[in-house]
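*Asks:* A single structure is presented below for examination.
In the UniProt record's numbering, the protein residues as written are 1 to 288.
Here you go:
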């Protein structure tokens with residue numbers, strides 16, 4: 001029980017940090033320059049542009065009915081982190097609104113350099129959401145709708161989210177100039193790349209699959225000289241009919257040249273396939 005509570009705390013704290021960064025990006029870069037966002041946050045921004053409603057209230061109000069529906073259809077386990085993330089976001093949005101009102105935070109507003117605003121908006125929003133998603137949270141809204149559509153209709157969550165985001169951003173044409181919508185798409189693209197980068201892990205490694213008749217020798221050399229784990233799989237060449245082995249190994253990027261040298265030194269005819277991998281867990285890499 002104590003371990004479970006500790007693990008939950010380790011997840012909730014990063015979710016709070018992520019929503020704080022996201023709230024900062026919305027108030028500091030997005031709203032002052034009349035840019036847009038997707039999801040329920042995008043609807044809240046539209047309400048802010050049209051009627052002046054504060055984001056902290058509208059995001060929470062829009063999410064409440066979705067929480068109820070999500071709880072009934074998806075269950076408690078699927079909505080717990082979502083509720084926490086959405087409430088945390090509303091709290092930090094309210095805090096930002098207060099800090100701006102008293103002059104402690106002055107939003108970045110520009111009339112001629114929107115690229116700068118777009119770049120930083122994309123980076124802050126993507127970083128915030130990436131942290132939230134990486135630790136199992138969401139900011140509510142469209143995520144719940146997508147999960148429900150996936151469960152009831154079998155629709156792809158990604159397609160549902162993309163469709164709703166396009167509709168919401170499209171509606172913003174009623175309130176903001178067309179060029180601002182185009183700038184928004186750039187910010188959304190940057191944010192999506194940051195989200196993927198953070199979710200997959202900042203540490204990228206290389207996966208080697210080596211097809212050879214000298215797998216035992218190559219594996220032993222890698223283990224001895226590079227201190228990396230190696231797995232051998234039996235294989236057979238269809239054309240030649242010869243018995244072979246697949247040497248499987250994951251190494252850091254700076255070790256690629258050394259591993260190639262080892263393989264070529266033992267079997268110059270070995271067939272090597274190299275792939276990018278992310279978020280490597282285990283001995284010699286990241287431990288969780």
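All C-beta atoms, glycine included, are put in the ideal place defined by N, C-alpha and C.
What residue range is occupied by the uninterrupted alpha helix (DSSP H) comprising residue 132?
*Replies:* Element bounds for residue 132: 114-134.
*Asks:* Assuming contact is defined by CB atoms lying nearer than 9 Å, are residue 124 and residue 19 in contact in what I supplied?
*Replies:* No, the Cβ-Cβ distance between residue 124 and residue 19 is not below 9 Å.
*Asks:* In chain order, which alpha helix (DSSP H) runs of at least 4 residues are fully inside the region 241-281?
*Replies:* Counting whole runs of 4 or more residues, the region 241-281 contains the alpha helix (DSSP H) stretches 256-266.
*Asks:* Using the C-alpha atoms, what's the distance from residue 37 back to residue 181?
*Replies:* Looking at the two C-alpha atoms, the distance is approximately 10 Å.
*Asks:* Under the assumption that residue 224 contacts residue 267 (Cβ atoms under 8 Å), give the Cβ distance between them as a whole number of angstroms.
*Replies:* 16 Å between Cβ atoms; not a contact.
*Asks:* From residue 16 to residue 248, what distance separates their C-alpha atoms?
*Replies:* Between residue 16 and residue 248, the C-alpha separation is close to 39 Å.
*Asks:* Can we say the region 236-244 touches the region 172-179, given the rule of at least three CB pairs closer than 8 Å?
*Replies:* No: the two stretches stay apart, fewer than three of their Cβ pairs being nearer than 8 Å.
*Asks:* Using a 10 Å radius around the Cβ and a threshold of 16 neighbouring Cβ atoms, would you call residue 64 buried or exposed?
*Replies:* That one is exposed.
*Asks:* Looking at residue 187: is its Cβ nearer than 9 Å to the Cβ of residue 164?
*Replies:* For residue 187 and residue 164, no; Cβs fall outside 9 Å.
*Asks:* Do you know how far the Cα of residue 154 is from the Cα of residue 299?
*Replies:* Outside the shown range of the chain (1 to 288) lies residue 299, about which nothing can therefore be said.
*Asks:* DSSP three-state label for residue 207, please.
*Replies:* In the structure shown, residue 207 sits in a strand (DSSP, three-state: E or B).
*Asks:* Helix, strand or coil, according to DSSP, for residue 231 in the structure here?
*Replies:* Here residue 231 sits in strand by DSSP.
*Asks:* My assumption, with CB atoms under 8 Å, is that residue 195 sits in contact with residue 129. Please give the rounded CB distance.
*Replies:* With a Cβ gap of about 5 Å, residue 195 and residue 129 count as contacting.
*Asks:* Beta-carbon within less than 7 Å of residue 46's beta-carbon, same chain only, minus the 5 sequence neighbours each way: which residues are those?
*Replies:* Answer for residue 46: 171, 172, 175, listed in chain order.
*Asks:* Just to confirm before moving on: does the CB-CB distance between residue 126 and residue 44 stay below 9 Å?
*Replies:* No, Cβ-Cβ distance for residue 126 and residue 44 is not below 9 Å.
*Asks:* Pick out whichever of 28, 54, 99 has its Cα sitting closest to the Cα of residue 116.
*Replies:* For residue 116, the nearest C-alpha among the options comes from 28.
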